[in-house]
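These notes are about the structure you will find just below.
Residue numbers (the working numbering): 7 to 177.
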């Protein structure tokens, strides 16, 4: 357990550093955009390409922020105060965010479709995230059509919290 806490602590610190890196990239892209807008009447051969590139930078900075937030949640899953109960909705959202790459490799997409605002389960955050991930991985490992969409949600069924994995056409 000490090794898991070490991993969580070091990962959390690295996530904070990466958030600072993304903030600098975002601010720099914003400054470049401001300079282009201020000088919009000045001819510039590559203006369109630069504006497109800044749009890509902004999009990926936001994507990176989401991944870092999810990684931070994962890193803090080893904290003492998260070993007895956790929020299933948050766990599902984090796992959906962190499995984007796996889903792309399987030619699929995972969407967190929400659910109850807070569904507390009597289990630690790490085991709950691992269980949701394993269920999602089992579904992704099954043969299926390219570009399939999996919807992940946390629901209250008959008074019990449930993680649900479904495809939109098989509800």
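Beta carbons are placed, not taken as given, at the ideal position from N, Cα and C, and that holds for glycine.
| query | result |
| --- | --- |
| Every unbroken beta strand (DSSP E) within the stretch 116–177, with a cutoff of 3 residues, ordered by chain | 154–163 and 166–172 |
| Expected contact under 8 angstroms - CB spacing of residue 92 and residue 130 to nearest Å | 6 angstroms |
| Beta carbon of residue 101 nearer than 9 angstroms to that of residue 158 | yes |
| Counterpart residues of residue 92 in DSSP-defined beta bridges | 127 |
| Length of the line joining the Cα atoms of residue 17 and residue 40 | 34 angstroms |
| When 11, 65, 8 and 76 are compared against residue 105, the one with the closest alpha-carbon | 76 |
| Distance between residue 33 and residue 23 (C-alpha atoms, nearest Å) | 16 angstroms |
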